[in-house]
Each structure stands twice: as structure tokens, then as C-alpha cells.
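Engineer: Handing you a structure now.
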Amino acid sequence: MMSTASSPAPAPTAVAKDRFGRVISYLRISLTDKCNLRCVYCMPEDMVFRPNSHLMQDDELLLLVRVFASLGFWKYRLTGGEPTIRHNVVEVVRGIAHTEGVRSLSMTTNGILLGELAEPLAEAGLQRVNVSIDTLDPDRFRRITRWGSFDEVWRGLEAAERAGLTPVKINVVVVRGFNDQDVTALAKLTLDHPWQVRFIEMMPFGDVATFAKEQIVTDAEIRARIASEYAGLELIDDGQLDGEARMYRFAGAPGEVGFISSVTQPFCASCNRARLTADGVLRLCLLRDKEIDLLTPLRAGASEDELREMILKAIWWKPWGHGLAEEVIPLTRVMSQIGG
Ligand code: SAM
Ligand code: SF4
Numbered sequence: 003m004m005s006t007a008s009s010p011a012p013a014p015t016a017v018a019k020d021r022f023g024r025v026i027s028y029l030r031i032s033l034t035d036k037c038n039l040r041c042v043y044c045m046p047e048d049m050v051f052r053p054n055s056h057l058m059q060d061d062e063l064l065l066l067v068r069v070f071a072s073l074g075f076w077k078y079r080l081t082g083g084e085p086t087i088r089h090n091v092v093e094v095v096r097g098i099a100h101t102e103g104v105r106s107l108s109m110t111t112n113g114i115l116l117g118e119l120a121e122p123l124a125e126a127g128l129q130r131v132n133v134s135i136d137t138l139d140p141d142r143f144r145r146i147t148r149w150g151s152f153d154e155v156w157r158g159l160e161a162a163e164r165a166g167l168t169p170v171k172i173n174v175v176v177v178r179g180f181n182d183q184d185v186t187a188l189a190k191l192t193l194d195h196p197w198q199v200r201f202i203e204m205m206p207f208g209d210v211a212t213f214a215k216e217q218i219v220t221d222a223e224i225r226a227r228i229a230s231e232y233a234g235l236e237l238i239d240d241g242q243l244d245g246e247a248r249m250y251r252f253a254g255a256p257g258e259v260g261f262i263s264s265v266t267q268p269f270c271a272s273c274n275r276a277r278l279t280a281d282g283v284l285r286l287c288l289l290r291d292k293e294i295d296l297l298t299p300l301r302a303g304a305s306e307d308e309l310r311e312m313i314l315k316a317i318w319w320k321p322w323g324h325g326l327a328e329e330v331i332p333l334t335r336v337m338s339q340i341g342g
């Protein structure tokens, strides 16, 4: 059961630490590599997905979460692909939320299915959602997602708020020539809503690497555009990172504007995260291809103690940071196959 202030989490059997002294306690789990959209910066339209038999089944996923939680992993984010299209997603969320040691459980989603799922997901134990919305213009929304309906996503966002999956965060990837004209309108949502609108710098992966490098709009450029079109943003907390985001606000606004500048200002020194892909692979850094397969040994009969050993050893060798500045680009997987 998710621990609360009155029921503290049990002490972990060991703590997952890397050789640089970083304690790794945040796991982002990809529930599926599949998606009901095809965002231009994420995957090609004719994307080929892995067969379901290659992906973690519910019992395998819950066993691995139990093992990670016993190593001090207390914060979890469910992602994908699109996590809400996983068969049985509500029961999977319930299982994770009820795992001893899990204290924080959120999801990143494109919001298409939140209209029907927000309420059951909240009831199952999900605490918060990030909804990806790159523009408020329905035509540009369809162009950037290739298949998406803006109205459907907006209804999903409202359903999330009603269900108490708050504070609602909105993820925006800015792509030159697609939605760079929308950044001020998106930031201004925080004038009327207690939301966090977070601009994420586009990162290069596999098949979409060239596109991402050519069309990137940097965090500095986005802030300058907002200042020239509306008003300057005030830095909050002297620029202390909130997770991976540097936070700002318009004077007097109820909401906040965040910038995740993974490319131009990496936050690797404070990284506390690892990723579990839908095919059961532990990925140590989003932007490095260093991974270890956990699903194959699990299926071959490895015990929970043996899996713990493998995870601790892998985490020890977590890379310091990404190598984008040296042109080292992750090639083996695109974002949807890692779990962004
Ligand atoms: N399908 C869900 C969604 O779109 O929110 C969850 C998975 S998606 C891979 C997670 C986040 O990664 C989204 O906010 C998406 O915009 C972001 N993303 C995808 N490709 C990206 C890229 N090349 N660079 C930066 N962010 C990216
Ligand atoms: Fe799907 Fe999310 Fe990738 Fe868009 S960003 S294609 S919604 S996984």
C-alpha cells in the first residue's frame, strides 16, 4: 500500500547508488512501446512495434517493481509509448500503487483517453498526470501529432483535474516550423490555471535525430519570445531545479512555467533516475545506449535476490551524463521505446 506520513515506507534492503555518489530512487516505467499518435519528433508514421510477447506481462512488471522498491526506489512515473493504451492499465496502476515502498506515482500521457480513464486511474492510486499538449491550435495539433484531436485531449485534461490528478502539468516540445508561434499562448495558460506548463527541449534519437537537431528551439529562445510577445518571466527559487525543470512565473500568476533544457543546460549532476522499458530492460540514462536486460533472466528463473544484485551492479555503472555536446546520440531506441 502506498506509504503515507503516518505509515512510513519500510527501510530498503540496499540503496541503489552509482559510483559518483548519486542515489537513484526514481524509476520511469514504460507500460508499452505502442501509441495512438505519431508525434513528428517521437516516431515515424510507419513505426514498427515489438510483439506483445516480448514485453513485460503484468505479473513480471509487478515483480520488478517490488524488486526496485526494495532497493529504495520510491518515486515512479508511468510512460510509454502511450501508457493509457496498455491492456489492463487501471489494474496495473493499482498493483504498483499498492507495492510496499511506492510513495509517489504519476503518469505522462497524451491525454486522449483520460476522458474515460482519469477517474478510474485516480481511484486505483495514480496521484498526478503530465499531459503532452504542444499547441492550442487544433490544426497545428493534428500536424504535430499526425493523428491527434485537440478537443479530445483538452477534455482529457479537464477530466484529470476533476479527478484530482493534480497539480496538472502540461508538457510542450517546441519544434521550429510546427508550434514555435504557440509558446506565448501556452505559457499564458498559467495566468488562469494553477498548472505547470513545461517546455522541453527536443532531443535527438535514432530515426528522428536529424529532424530533432535541425528543428530544435532552445529554452533561451522560448523565454525571449514570450518576453517579447507578452511579458518577462520571473525566476522562482533562484533557479533551483524542480525535478528536471527550472521554474518561472508571470507576476501574480497562479501557475508556473518550467523549462527542461536537457540539451543546452543538462541536469545530469542531480540525476536520480533510471528507466525500465516496456521490454523489461533497465536503461541507465535516457540519452545513452547503456542498458541491461532484466526480463530474460526473470523468465529464465532468476530469483528476486539475483535481480537485485543485477540492478545494483548496473546502477553503479550509470553513465555520468549524456554526450550530446560531443555528438553522441542514442541510436538503438527512439523516445517511445525508452519511456520518456
Ligand atoms: N505518450 C505519452 C506522451 O506523449 O505524453 C508518454 C510518452 S512520451 C515519449 C513522453 C514525453 O516525451 C512527452 O511529453 C513527449 O512530448 C516527449 N518527447 C517525445 N519525443 C521527444 C524528443 N525527441 N525530445 C524531447 N521530448 C520528447
Ligand atoms: Fe505517442 Fe507520446 Fe510519442 Fe507522441 S510523444 S508519438 S503521444 S509516445
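Residue numbers (the working numbering): 3 to 342. Every residue, glycine too, gets a C-beta built ideally from N, C-alpha and C. Treat the numbers as computed from the prediction; the structure is a model and nothing was measured.
#1: Touching or not, the segment 50-60 and the segment 104-116, by the rule of three or more beta carbon pairs under 8 Å?
#2: Given the structure, does S134 come close to ligand 1, in the sense that its CB is under 7 Å from one of the ligand's heavy atoms?
#3: Only counting the same chain, and skipping five residues up and downstream in sequence, which positions put a Cβ closer than 8 Å to that of G74?
#4: Among the residues of its own chain, which have a CB less than 7 Å from the CB of E231, if the five just before and after it don't count?
#5: Name the two residues that bound the continuous alpha helix (DSSP H) containing K292.
#6: Using the rule of at least 16 other Cβ atoms within 10 Å of the residue's Cβ for burial, across every protein chain shown, is K190 buried or exposed?
#7: So, helix, strand or coil for M109, using DSSP?
#8: Could you check whether the Cβ of G282 sits closer than 7 Å to any heavy atom belonging to ligand 1?
#9: So R30 and T81 are supposed to be a Cβ contact under 8 Å. How far apart are they, rounded?
#10: Report yes if the C-beta of G97 is less than 7 Å from at least one heavy atom of ligand 1; otherwise report no.
#11: With a cut-off of 8 Å on the beta carbons, I'd call L289 and A316 a contact; round off their distance for me.
#12: Hey, quick one: how far does the beta strand (DSSP E) through M249 stretch, first residue to last?
#13: Give the DSSP bridge partners of F261, in chain order.
#14: Taking 7 Å as the cut-off, does the CB of G82 come closer than this to any heavy atom belonging to ligand 2?
#15: Answer with buried or exposed for E308, where buried requires no fewer than 16 other C-beta atoms within 10 angstroms of its C-beta.
#16: According to DSSP, Y315 sits in a beta bridge with which residue or residues?
#17: Return helix, strand or coil for E102, following the three-state DSSP convention.
#18: Could you check if D20 is buried or exposed, using at least 16 other CB atoms within 10 Å of its CB as the buried criterion?
#19: I'd like to confirm something about T220: is its beta-carbon nearer than 7 Å to some heavy atom of ligand 2, or not?
#20: Is the beta carbon of L119 within less than 7 Å of some heavy atom of ligand 2?
#21: Any heavy atom of ligand 1 within a distance shorter than 7 Å of the CB on V177?
#22: Is any non-hydrogen atom of ligand 1 found closer than 7 Å to the C-beta of A161, if you look at the structure I gave you?
#23: Are three or more beta carbon pairs between the segment 199-217 and the segment 258-271 nearer than 8 Å?
#24: Among I294, S305, T298, which one has its Cα closest to the Cα of K320?
#25: Applying the 10 Å Cβ sphere with the 16-neighbour rule, what's the burial state of T2?
#26: Could you please give me the residues that DSSP links to N181 through a beta bridge?
#27: Opposite V131 in the DSSP bridges: which residues?
#28: Suppose contacts are defined by Cβ-Cβ distances below 8 Å. Is D136 in contact with G83 by that definition?
#29: State buried or exposed for V177, treating a residue as buried only when at least 16 other CB atoms are found within 10 Å of its CB.
#30: Inspect the CB distances between the segment 167-184 and the segment 212-229 and report whether three or more fall short of 8 Å.
#31: In the DSSP assignment, find the beta strand (DSSP E) that holds K171 and state where it starts and stops.
#32: Classify E329 as buried or exposed, calling it buried when 16 or more other Cβ atoms lie within 10 Å of its own Cβ.
#33: My assumption, with CB atoms under 8 Å, is that L167 sits in contact with A120. Please give the rounded CB distance.
Structural biologist: The short version:
#1: The segment 50-60 vs the segment 104-116: no contact.
#2: Here residue 134 is taken as the residue at index 132 of the sequence shown, counted from 1. The answer is yes for S134.
#3: Position 72 of the sequence shown, counted from the start, is the residue given in the question as residue 74. For G74, where only same-chain residues beyond five positions count, the Cβ hits under 8 Å are P14, A16, V17, A18, V25, S27, G103.
#4: Locating residue 231 in the sequence shown gives position 229, where the first residue counts as 1. Cβ within range, chain order: T186.
#5: Looking up residue 292 in the sequence shown gives position 290. Note, K292: premise wrong, no alpha helix (DSSP H); not H, not E.
#6: The residue you call residue 190 lines up with position 188 of the sequence shown. Under this definition K190 is a buried residue.
#7: As a first step, residue 109 must be located in the sequence shown, where it is residue number 107. DSSP places M109 in strand when its eight states are reduced to three.
#8: One-based indexing of the sequence shown puts residue 282 at position 280. G282 Cβ: outside cutoff for every heavy atom of ligand 1.
#9: What you label residue 30 is simply residue 28 of the sequence shown in a count that begins at 1. What you label residue 81 is simply residue 79 of the sequence shown in a count that begins at 1. Yes, they are in contact, since the Cβ atoms of R30 and T81 sit about 6 Å apart, within 8 Å.
#10: By 1-based counting over the sequence shown, the position of residue 97 is 95. G97 Cβ: outside cutoff for every heavy atom of ligand 1.
#11: Mapped onto the sequence shown, residue 289 falls at position 287. Mapped onto the sequence shown, residue 316 falls at position 314. Actually they are not in contact, since the Cβ atoms of L289 and A316 sit about 17 Å apart, beyond 8 Å.
#12: Working through the sequence shown from its first residue, we reach residue 249 at position 247. From DSSP, the beta strand (DSSP E) with M249 extends over 247-251.
#13: Here residue 261 refers to the residue found at position 259 when the sequence shown is read from its first residue. Per DSSP, F201, R248.
#14: Here residue 82 refers to the residue found at position 80 when the sequence shown is read from its first residue. Flag set: Cβ of G82 near ligand 2.
#15: Mapped onto the sequence shown, residue 308 falls at position 306. Exposed: under 16 other Cβ atoms inside 10 Å.
#16: Along the sequence shown, read from residue 1 onward, the residue named residue 315 stands at position 313. A small fix is needed here, since residue 315 is Lys in this sequence, not Tyr. Under DSSP, no beta-bridge partner is assigned to K315.
#17: For this step, residue 102 is matched to residue 100 along the sequence shown. In the structure shown, E102 adopts coil according to DSSP, grouped into three states.
#18: As a working note, residue 20 is residue 18 in the sequence shown. By the 10 Å Cβ count, D20 comes out buried.
#19: Taking the sequence shown and counting its residues from 1, one reaches residue 220 at position 218. Ligand 2 never approaches T220 closely enough for any of its heavy atoms to be under 7 Å from the residue's Cβ.
#20: By one-based count along the sequence shown, residue 119 stands at place 117. Result no, Cβ not under 7 Å from ligand 2.
#21: Taking the sequence shown and counting its residues from 1, the one referred to as residue 177 is at position 175. The answer is no for V177.
#22: For the purposes of this step, residue 161 is taken as the residue at position 159 of the sequence shown. Because no heavy atom of ligand 1 lies under 7 Å away, the Cβ of A161 does not count as near it: no.
#23: yes
#24: By 1-based counting over the sequence shown, the position of residue 320 is 318. Selected option, being the one with the closest Cα: I294.
#25: Because the chain here runs from 3 to 342, residue 2 falls outside it and cannot be looked at.
#26: As a working mapping, residue 181 is identified with position 179 in the sequence shown. Per DSSP, none; premise fails for N181.
#27: Stepping through the sequence shown from its first residue, residue 131 is reached at position 129. For V131, which the question treats as bridged, DSSP gives the partners M109.
#28: Indexing the sequence shown from 1 puts residue 136 at position 134. Indexing the sequence shown from 1 puts residue 83 at position 81. The answer is no: Cβ separation not under 8 Å.
#29: Walking along the sequence shown from the start, residue 177 turns up at place 175. That one is buried.
#30: yes
#31: Indexing the sequence shown from 1 puts residue 171 at position 169. Element bounds for K171: 171-175.
#32: Within the sequence shown, numbered from 1, the residue matching residue 329 stands at position 327. Under this definition E329 is an exposed residue.
#33: Here residue 167 is taken as the residue at index 165 of the sequence shown, counted from 1. Here residue 120 is taken as the residue at index 118 of the sequence shown, counted from 1. Yes, they are in contact, since the Cβ atoms of L167 and A120 sit about 6 Å apart, within 8 Å.
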